[in-house]
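K.L.:
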Amino acid sequence: MPHVPENKTRSHRKADVNRVRIAVTGIGLVTPLGTETESTWDALQRGDSAARFLTEEEIESRQIPSRVRGYGARVELKNPGLHDSRSTTFALMAARQAIAQAQLSPEFQRSAGCVFGTSKTDLRATDELFAKLHEDRASQAEPDLSALFPSSPSTAVANEFQLQGPASCPVAACATGMVSLIRAAELIRHGDASTVITGSTDCSLHAGLLASYRRLGVLAKPEDDPAQACRPFDQHRGGFVVGEGAAALVLEDWDQANERGAAPLAEWVDGLIGCDPTGLTAVDSTGETLAQLIQKLLDKNQVHPRQVSTICYHGTATRMNDLTEARAIQLVFGDRPSGFGIKGAIGHLMGAAGAVEAATSVCAIKDQIIPPTANHHHHDPECPNRVTGRHAVRQPIEYLLKTSLGFGGHLAVGLLKRVTN
Numbered sequence: 000m001p002h003v004p005e006n007k008t009r010s011h012r013k014a015d016v017n018r019v020r021i022a023v024t025g026i027g028l029v030t031p032l033g034t035e036t037e038s039t040w041d042a043l044q045r046g047d048s049a050a051r052f053l054t055e056e057e058i059e060s061r062q063i064p065s066r067v068r069g070y071g072a073r074v075e076l077k078n079p080g081l082h083d084s085r086s087t088t089f090a091l092m093a094a095r096q097a098i099a100q101a102q103l104s105p106e107f108q109r110s111a112g113c114v115f116g117t118s119k120t121d122l123r124a125t126d127e128l129f130a131k132l133h134e135d136r137a138s139q140a141e142p143d144l145s146a147l148f149p150s151s152p153s154t155a156v157a158n159e160f161q162l163q164g165p166a167s168c169p170v171a172a173c174a175t176g177m178v179s180l181i182r183a184a185e186l187i188r189h190g191d192a193s194t195v196i197t198g199s200t201d202c203s204l205h206a207g208l209l210a211s212y213r214r215l216g217v218l219a220k221p222e223d224d225p226a227q228a229c230r231p232f233d234q235h236r237g238g239f240v241v242g243e244g245a246a247a248l249v250l251e252d253w254d255q256a257n258e259r260g261a262a263p264l265a266e267w268v269d270g271l272i273g274c275d276p277t278g279l280t281a282v283d284s285t286g287e288t289l290a291q292l293i294q295k296l297l298d299k300n301q302v303h304p305r306q307v308s309t310i311c312y313h314g315t316a317t318r319m320n321d322l323t324e325a326r327a328i329q330l331v332f333g334d335r336p337s338g339f340g341i342k343g344a345i346g347h348l349m350g351a352a353g354a355v356e357a358a359t360s361v362c363a364i365k366d367q368i369i370p371p372t373a374n375h376h377h378h379d380p381e382c383p384n385r386v387t388g389r390h391a392v393r394q395p396i397e398y399l400l401k402t403s404l405g406f407g408g409h410l411a412v413g414l415l416k417r418v419t420n
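Position 243, counted from 1, in the sequence shown is what numbering that gives the first Met the number 0 calls 242; the numbers after and before it change by one each time, with no gaps.
1) Provide the residue span of the beta strand (DSSP E) that contains Phe332, from first to last.
2) Helix, strand or coil: how does DSSP classify Leu76 here?
3) Helix, strand or coil for Gly33, going by three-state DSSP, please let me know.
4) Should the region 372 to 389 be regarded as contacting the region 227 to 244, the criterion being three or more beta carbon pairs within less than 8 Å?
5) Tell me the rounded alpha-carbon separation between Ala281 and His377.
6) Going by beta carbon distance, what residues of the same chain come within less than 6 Å of Pro4, once the five residues before and after it are set aside?
7) Out of curiosity, what's the CA-to-CA distance linking Ser167 and Thr197?
8) For the alpha helix (DSSP H) containing Leu132, name the first residue and the last one.
9) Taking a contact to mean a Cβ-Cβ separation below 8 Å, would you say Asp126 touches Gly350 in this structure?
10) Note the first and the last residue of the continuous beta strand (DSSP E) segment covering Cys113.
11) Start and end of the beta strand (DSSP E) containing Tyr312?
12) Determine, using beta carbons only, whether Val19 and Arg182 come nearer to each other than 8 Å.
13) Using DSSP with H/G/I as helix, E/B as strand and the rest coil, what is Ser167?
14) Just how far apart, CA to CA, sit Tyr212 and Leu218?
15) Which residue spans inside the region 251 to 290 form an unbroken beta strand (DSSP E) run of at least 3?
16) Using the Cβ count rule (16 or more neighbours within 10 Å means buried), how would you classify Pro105?
17) Pick out whichever of Gly407, Ala265, Gly338, Val412 has its Cα sitting closest to the Cα of His390.
18) Identify the continuous alpha helix (DSSP H) that holds Asp143 and give its terminal residues.
19) Given Met177, which residues of its chain have a CB within under 6 Å of its CB, disregarding the five upstream and five downstream residues?
20) Decide if Leu296 is buried, meaning its Cβ has at least 16 other Cβ atoms within 10 Å, or exposed.
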């Protein structure tokens, strides 16, 4: 009979899933500010912005030539993958960092699950595939259709590290990253895995997508300097700049992490998923729908609003999204606490945004530093929330709330906590 390895999941805890603590033992970041966690975090603390004008080679699709000067926040790869799409390359780079920091042995990797999301297929890779099929119509070779599947990055991560636990690829627009973390934590709490490699990736610097966002009126106008264009919660905001990248986090059963001597970076407390049914691109501008989800999360985990030290905002710098988010925060928290947003620094990473912002939140908790909100100079008086300015703030952080909102009504909120024991 074949050898069946010991199942290291803790299925006996299914009866009380809320008491299973979850540790974040590793993170990896690939962003326009840097392809490692340290370089990204250092640049965020300085208030840097990575947005710039892009060349035709960087933005043009093989199927859709760009007719306007493109701009965005692009990841600079020193050694691009020869066969993988950019989104898959980002996912693998982030996962390698996270697993290395967590010091996961092959034994723990084999039993781990993988929940790695993205908002869509890598459209430039899809363009390349269709162009190749058109050019090689007489060829009898089997085409590689992996570029058509949104799950390709998740599959690549699971394959590289020989993960044998549950694997999935959530797709929830701009809330994908947070949804991935929430689903990963559920696997641990229900005893289906004791370790999960989770996160999200996205590559949306595509001529067709940028044209669509421009027609929707959600793109910032770069004028002379794209680096200053995305201004979350600022009185003069006018939309976002598109970015790309990925983040990976290693989530573990707290007891397992302690048993193997891992040092948790933060605790994942809980997360909830909701829906705003207002419209495909519209939101409940009163903030009540998002506020109810946040309050439900706090109540479920017996956390008082005053225990939340800071908030990592979704902060797209669009007029209505920022106003809605600010109103939701005011409904739950009143005039405190001060929060931050990072899209002014790295752009809107779409499906990768939630995971990248969650990994950044782990850095903030670990170092007890709230980073600045790049390009936030004149707070919009109509937004009843508090936002960090040009400088990082060192202060105690006990609980941190992360919000994510996506086209189509996707909502997700997560709660992280400082490690005290």
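Beta carbons are placed, not taken as given, at the ideal position from N, Cα and C, and that holds for glycine.
P.N.:
Here's the rundown:
1) Premise fails: Phe332 lies in the alpha helix (DSSP H), 318 to 332, not in any beta strand (DSSP E).
2) coil
3) When secondary structure is reduced to three states using DSSP, Gly33 falls in the strand class.
4) yes
5) 25 Å
6) Its pLDDT being 41, under 50, Pro4 is placed unreliably by the model, and nothing is read from it.
7) 10 Å
8) 122 to 134
9) no
10) 112 to 116
11) Neither: Tyr312 is in no beta strand (DSSP E) and is coded neither H nor E.
12) no
13) strand
14) 6 Å
15) 265 to 274
16) exposed
17) Comparing alpha-carbon positions, the option among Gly407, Ala265, Gly338, Val412 lying closest to His390 turns out to be Gly338.
18) Segment: none, Asp143 is in no alpha helix (DSSP H) and carries neither H nor E.
19) Gly353, Ser403, Ala411, Gly413
20) buried
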